[in-house]
Amino acid sequence: MRVVTTAQPRQDLDVQPTPLALLLLGREADPKSERGVECPGDLPAPSDPDLVERARAAKAKLGEKVFVLGHHYQRDEVIEFADVTGDSFKLARDAAARPDAEYIVFCGVHFMAESADILTGDDQKVVLPDLAAGCSMADMASAEQVAECWDVLTEAGIAEQVVPVSYMNSSADIKAFTGKHGGTICTSSNAKRALDWAFEQGEKVLFLPDQHLGRNTAVRDMGMSLDDCVVYNPHKPNGGLTVEQLRAAKMILWRGHCSVHGRFSLESVEDVRARIPGVNVLVHPECKHEVVAAADYVGSTEYIIKALEAAPAGSKWAIGTELNLVRRLANRFAPEGKEIVFLDKTVCFCSTMNRIDLPHLVWALESLADGKVVNRIEVDKETEDFAKLALERMLALP
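First residue of the sequence shown: -1, per the working numbering; consecutive thereafter.
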């Protein structure tokens, strides 16, 4: 359960809503969704030529009181004002390392801001510039659905053998469930270490909420077979699985996925190899198993960045991850003669990450500069305690 508080926004700004294939900004609400779409108020027009200067002025006025975090998938216009950039867990840890910052402005999505609130002090206030910035993957596993799944595992007589491992890309409620049931959190960088630990504690793993990261780690990195994995579908009775299937499985994968990484296909890989001879295909482990199997390199966001930094001049790369990051890397390394392209011919941003734009950031910073806390993300104490327990287990991994 989360509590979100807002203050009334500035009235002198012009509303310019951008239609997206999600709940319309401030028009609809889904209280059971991690997205939390209510973002009241007027925003400056995206074309406002004064936005950059206004952002600079508000940030300067706040000084050391504010710490701005920018996820790698954010727009360039937002990254420009980030004090640090990184993946979700790195940013949450960076926030925790700044106890003197009164305000943490998280330019990312909802679950990331929750993690920052869990890891920062009670006196610090975490702000998400747009509450509609959520994560479709995180939304694919609700607390009620996961509790029902655990009941299914209990009725099958295997719950005591199962250790939950939840991806960082999950809500605070799911992290709390994981902590309460003896499990740990993982990132795309340490998923194998987390699974190694989990199999030392029990015989089976319930992996939430991204089936692809769980499958790829188990099969590609740990030598399991695809037959060791089953997919639990929360929309079907008993997850669509028989008791025998549950008892035989080592990996019980939640039926969730990333809407961006899930779009890459084997055809994408074959097409780019035909178009660009000698290309290196580098993908994120949230991609489908057949894509990962066909790629040359597989790794987390941070791995992708480091791989391109170390790549020789003149090398060619097709990257299977979010387009904002791919485009930024292509521009960064073009002077070194590195050719970097998006793996799929169809352009695809993370639509929820793109909710955080410069108008929202300006509105949040100006509100804070005026002494008004907007869009605060606050995790309740019980949820925070169990979620922090799961996160601490991850931090203690060898």
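Glycine is no exception: its CB is placed at the ideal position from the N, C-alpha and C atoms.
Measure the Cβ-Cβ separation of W252 and A139 and say whether it is below 8 Å. yes
Extract the residue ranges of the beta strand (DSSP E) inside the stretch 188 to 216, only unbroken runs of 3 or more that lie entirely within it. 202 to 206
Within the continuous alpha helix (DSSP H) that includes I77, where are the two ends? 74 to 77
Contact check, G318 vs G335, beta carbons under 8 Å: no
Return the CA-CA distance between Y295 and C227, expressed in angstroms with no decimal places. 23 Å
Environment of L224 [buried if 16+ CB atoms lie within 10 Å]: exposed
What distance in whole Å lies between the Cβ atoms of I354 and V76, which are believed to be in contact at a cut-off of 8 Å? 6 Å
So the alpha helix (DSSP H) F104 belongs to, where does it begin and stop? Not the alpha helix (DSSP H): F104 falls in the beta strand (DSSP E), residues 101 to 105.
For the alpha helix (DSSP H) that contains K88, what are its first and last residues? 86 to 94
Would P38 be called buried (16 or more neighbouring beta carbons within 10 Å of its own) or exposed? Because the pLDDT at P38 is just 40, under 50, the model does not fix this residue reliably, and the value given afterwards should be weighed accordingly. Burial call: exposed.
Spatial distance of M(-1) from A90 (CA atoms): Caution is warranted here: a pLDDT of 41 is assigned to M(-1), below 50, making its placement in the model unreliable, and the coordinate value is therefore given only provisionally. Distance between the alpha carbons of M(-1) and A90: 20 Å.
Sub-8 Å separation of C184 and M351 beta-carbons: no
Straight-line gap, R453 to V64 (C-alpha atoms, nearest Å): Residue 453 lies beyond the range of the chain shown here (-1 to 396); nothing can be said about it.
If we call anything under 8 Å between Cβ atoms a contact, is A94 one with L363? no
Alpha carbon to alpha carbon, what distance is there between H210 and V160? 19 Å
CA-CA distance, E406 and V124? No answer is possible for residue 406: the residues shown for the chain start at -1 and end at 396.
Between which two residues does the alpha helix (DSSP H) harbouring L393 extend? 379 to 393
C-alpha distance - V50 paired with L60, whole-angstrom precision: 16 Å
Quick check: the Cα distance between C133 and K286, rounded to an integer number of angstroms? 18 Å
Using 8 Å for Cβ pairs, my map puts A305 next to V267. What's the rounded Cβ distance? Contact doesn't hold; Cβ gap of about 17 Å is too wide.
Test item: CB-CB of S168 and G181 under 8 Å: no
So the candidates are A196, V279, A130, N373; which of them puts its Cα closest to the Cα of I102? N373
Per the DSSP calculation, P162 is bridged to which residue(s)? L204
Give a yes or no on contact between the stretch 103 to 110 and the stretch 210 to 222, applying the rule of three or more CB pairs nearer than 8 Å. no
Pull up the distance between the alpha-carbon of E100 and that of P310, whole angstroms please. 43 Å
Determine the direct distance from the alpha carbon of V290 to that of A174, and round the result to whole angstroms. 30 Å
Mapping the DSSP letters down to three states, classify E142 as helix, strand or coil. helix
The alpha helix (DSSP H) spanning I303 covers which residue range? 299 to 308
Tell me the DSSP bridge mates of L251? F205, V229
Which residue comes first and which comes last in the beta strand (DSSP E) that contains E337? 337 to 340
Whole-number beta carbon distance between Y71 and L366, since they are thought to touch under 8 Å: At roughly 23 Å, the Cβ-Cβ gap does not stay under 8 Å, so L366 and Y71 are not in contact.
Considering only the beta carbon of each residue, do D269 and K314 sit closer than 8 Å? no
Name the DSSP beta bridge partners of T182, please? V163
List the endpoints of the continuous alpha helix (DSSP H) containing I116. 108 to 117
Where does I375 sit, in a helix, a strand or coil, going by DSSP? strand
From the DSSP output, in three-state form, read off V360 for me. helix
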